[in-house]
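**Student:** Supplied in structure tokens, the structure appears directly below.
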Amino acid sequence: MATIESARAASLVDAEQKAIQLFTEIERTLIRPGVSEKTLSDEIHALGVERFNVRTHWHKRLIRSGPNTLRPFDDNPPDRIIEEDDILVVDLGPVFEEWEADFGRTYVLGNDPKKILLRDALEPIWFQVKDWYYQQQSTKTGDEGVTGEELYAYACETAEKAGFKFGAPIAGHIVGSFPHERE
């Protein structure tokens, strides 16, 4: 069992590394003003197929710019042209071989200091929330784990302490087997 779990963990880490490489190429070659979100999504899809052998995504490719970044994941706002001074969110679920990755990045086009501050705060806040979660889990036994409600409250509190309002309806999801894959 440990060997199976070790192999599974290694495959998930490999998928994550490939997603990092994909996003590096997206940033280097594709992100620019003057194209629509849909066009950028199509270009990202083509890049994934050509360079990384991505044949499918386990969730929709989410490319949002400007005011569309404030819309919930499930919304399908009208296509928008990415502008010179936009903030841009790219959230992908590429499948590498049979392993699913879930990866997102926020980009800033232009030099708006508030947008840059937000972009630069996201990853440290994410790690702070993640570290808190693991710390809480390590102090609990059995089925006493952190609830989704507690994690969400901590994510909102952490964002607020950093000067932001957490606007998403959820604070994340598990990585692992989906309910339809469990026995």
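Mapped onto my numbering, the consecutive letters of the sequence shown carry residue numbers 1277 to 1459. Every residue, glycine too, gets a C-beta built ideally from N, C-alpha and C. In this text, all values refer to a predicted model and were calculated from it rather than measured experimentally.
Thinking C-alpha only, which one of Y1383, F1403, D1361 and P1370 is nearest D1290?
**Tutor:** It is P1370.
**Student:** Under a three-way DSSP split, which group does R1458 fall into?
**Tutor:** Bear in mind that a pLDDT of 45 at R1458, under 50, signals an unreliable position, so the number given afterwards is only what the model happens to contain. In the structure shown, R1458 sits in coil (DSSP, three-state: anything other than H, G, I, E or B).
**Student:** Could you tell me how far apart the beta carbons of G1342 and I1363 are, in whole angstroms, since I believe they sit closer than 8 angstroms?
**Tutor:** G1342 to I1363, Cβ: 7 angstroms. Contact.
**Student:** What does the Cβ neighbour count give for A1322, buried or exposed, with the cut at 16 atoms within 10 Å?
**Tutor:** Exposed, since its Cβ has fewer than 16 Cβ neighbours within 10 Å.
**Student:** The beta strand (DSSP E) spanning I1463 covers which residue range?
**Tutor:** The question about residue 1463 has no answer here: the residues shown for the chain are numbered 1277 through 1459.
**Student:** Within its chain, find whatever has a CB closer than 7 angstroms to the CB of E1326; leave out the 5 residues flanking it on each side and keep chain order.
**Tutor:** Excluding residues within five positions, none has a Cβ falling inside 7 angstroms.
**Student:** Under the three-state reduction of DSSP, which class applies to H1495: helix, strand or coil?
**Tutor:** There is no way to answer for residue 1495, as the model of the chain reaches only from 1277 to 1459.
**Student:** The alpha helix (DSSP H) that contains D1318, what's its start and end?
**Tutor:** Taken as a continuous stretch (DSSP letters only), the alpha helix (DSSP H) holding D1318 covers E1313 to F1328.
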